[in-house]
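Undergrad: Handing you a structure now.
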Amino acid sequence: MKLLLILAAINGFLAVALGAFGAHGLEGRISEKAIATWEKAVTYQMFHTMALVAVGLLLAKYQNGSLFTTSGWMFFAGIILFSGSLYVYSLTSIKTFAMITPIGGVAFLIGWVLLGIALIKYL
C-alpha cells in the first residue's frame with residue numbers, strides 16, 4: 000500500500016512536470032503531432048496516477064486485497080509502458096517505441112478489470 004502511494008505521488012509530480020515541459024519547453028521544437036502525443040502521455044499518466052492513489056487507499060482498508068495490489072501494479076506498468084513509450088516516441092519519432100504503447104494500454108485494461116473484480120469481491 001505505502002509503496003503504491005509513494006509511486007502515485009512521484010507519478011503525479013512527474014505528470015505535472017512533464018506536462019509543463021511539453022507545453023513550454025517543447026513548443027516549436029517538435030511537431031504539433033508529437034506535442035499531441037506528448038499530451039496524451041501526460042493525460043494517461045495523470046489518470047492512472049489517480050487510480051494508483053485509489054488503489055493505495057483501498058489497500059489501507061483491505062490489507063489482504065491482492066487483487067487491489069495487482070491492479071495497482073498493472074496501472075504502474077501501464078504508466079511506464081504506455082506513457083513512457085509515448086514520451087520517447089514524441090522526442091525521437093522512432094516507431095519501435097510507438098509499438099510498445101499498446102502493451103501499456105493492455106496493462107491499463109487489466110488493471111481496471113482487476114480493480115472492478117476486487118471492488119465486487121471486497122465491497
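The opening residue of the sequence shown carries number 0 in numbering that gives the first Met the number 0; numbering runs sequentially from there.
Using N, Cα and C, we set each Cβ at its ideal position, and we do this for glycine too.
Specify the secondary structure class of I93 as computed by DSSP and reduced to three states.
TA: As a first step, residue 93 must be located in the sequence shown, where it is residue number 94. If DSSP states are grouped into helix, strand and coil, I93 belongs with coil.
Undergrad: What separation, rounded to the nearest whole angstrom, lies between the Cα atoms of A50 and P101?
TA: In the sequence shown, the residue the question calls residue 50 occupies position 51. In the sequence shown, the residue the question calls residue 101 occupies position 102. The straight-line gap from Cα to Cα measures roughly 19 Å.
Undergrad: Tell me whether the beta-carbon of F107 lies closer than 8 Å to the beta-carbon of H23.
TA: Here residue 107 refers to the residue found at position 108 of the sequence shown. Here residue 23 refers to the residue found at position 24 of the sequence shown. Not closer than 8 Å, so no.
Undergrad: Nearest-angstrom Cα distance between W111 and V52?
TA: Along the sequence shown, one-based indexing puts residue 111 at 112. Along the sequence shown, one-based indexing puts residue 52 at 53. Near 13 Å, if we compare the C-alpha coordinates of V52 and W111.
Undergrad: Take S70 and list the residues in its own chain whose beta-carbon comes closer than 7 Å to its own, dropping the five residues that flank it on each side.
TA: Residue mapping note: residue 70 aligns to position 71 of the sequence shown, counting from 1. Excluding sequence neighbours, S70 sits near V54, G110, L113, L114, A117.
Undergrad: Short of 6 Å in beta carbon distance, which residues of its chain neighbour G103, apart from the five on each side in sequence? Order them along the chain.
TA: As a working note, residue 103 is residue 104 in the sequence shown. In chain order, G77, L80, F81 place their CB closer than 6 Å to the CB of G103, counting only its own chain and leaving out the 5 sequence neighbours on each side.
Undergrad: Are F41 and A7 closer than 8 Å when you measure CB to CB?
TA: Working through the sequence shown from its first residue, we reach residue 41 at position 42. Working through the sequence shown from its first residue, we reach residue 7 at position 8. Here residue 41 turns out to be Val, not Phe, going by the sequence shown. Going by C-beta atoms, V41 is not nearer than 8 Å to A7.
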